[in-house]
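Written below as structure tokens is the structure these notes are about.
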Amino acid sequence: MVEVNSSGCRQYGSHLVEVESADEDEYIRAHSRNTRCSNWIVLRDSVTEGDWRWAYGGARPEYTNWATNEPDNIFDQDCALLDSFYSYHWVSGSCWIAHNFICEKDYPSTEVPAVG
Numbered sequence: 001m002v003e004v005n006s007s008g009c010r011q012y013g014s015h016l017v018e019v020e021s022a023d024e025d026e027y028i029r030a031h032s033r034n035t036r037c038s039n040w041i042v043l044r045d046s047v048t049e050g051d052w053r054w055a056y057g058g059a060r061p062e063y064t065n066w067a068t069n070e071p072d073n074i075f076d077q078d079c080a081l082l083d084s085f086y087s088y089h090w091v092s093g094s095c096w097i098a099h100n101f102i103c104e105k106d107y108p109s110t111e112v113p114a115v116g
């Protein structure tokens, strides 16, 4: 289901969210609380068990917000989501279960280069 959601984001020129900071996490958690739905993020350990990486680019996350005792890898859970049951902290889950998703889009910088 994560791949289906990922293609849903691509049709809008975006991708599944990579939560890169506490501020971004809190913003997404606040939005999720309003919807009362669990949401996929694009963090996986499907290549090497226990080695969680962002699906785009393969970097290890610098920031995480796992729920207590997570990730637990019960039943080969290789994808991460913000789970409503755990106050939108991160949990590992089966990549094949349907959940909502959050897309993000990168915008070009609006900074003007310095000329000197």
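The opening position of the sequence shown corresponds to residue 1 in the UniProt record's numbering, with each subsequent residue numbered one higher.
Where is the CB? At the ideal position from N, CA and C, for every residue including glycine.
Being a predicted model, the structure only gives us computed values, none of them experimental.
- Distance from the CA of residue 34 to the CA of residue 25, rounded to the nearest whole angstrom, comes to 14 Å.
- The closest CA to that of residue 70, considering only 18, 88, 107, 15, is found on 88.
- For the options 114, 19, 48, the alpha carbon positioned closest to that of residue 77 is the one of 48.
- In the three-state reduction of the DSSP assignment, residue 75 falls in the coil class, being assigned neither a helical nor a strand state.
- Per DSSP, the continuous alpha helix (DSSP H) segment holding residue 32 begins and ends at 22 to 35.
- Counting along the chain, the unbroken beta strand (DSSP E) around residue 92 starts and ends at 89 to 93.
- Restricting attention to 9, 68, 110, 111, the CA atom closest to the CA of residue 41 is found in 9.
- For a cut-off of 8 Å, the C-beta gap from residue 16 to residue 103 is around 6 Å, short enough to register as a contact.
- Among the bridge pairs identified by DSSP, residue 66 is matched with 90.
- Non-local beta-carbon contacts of residue 13 in its own chain, meaning distances under 8 Å to residues more than five positions away in sequence, involve 105 in chain order.
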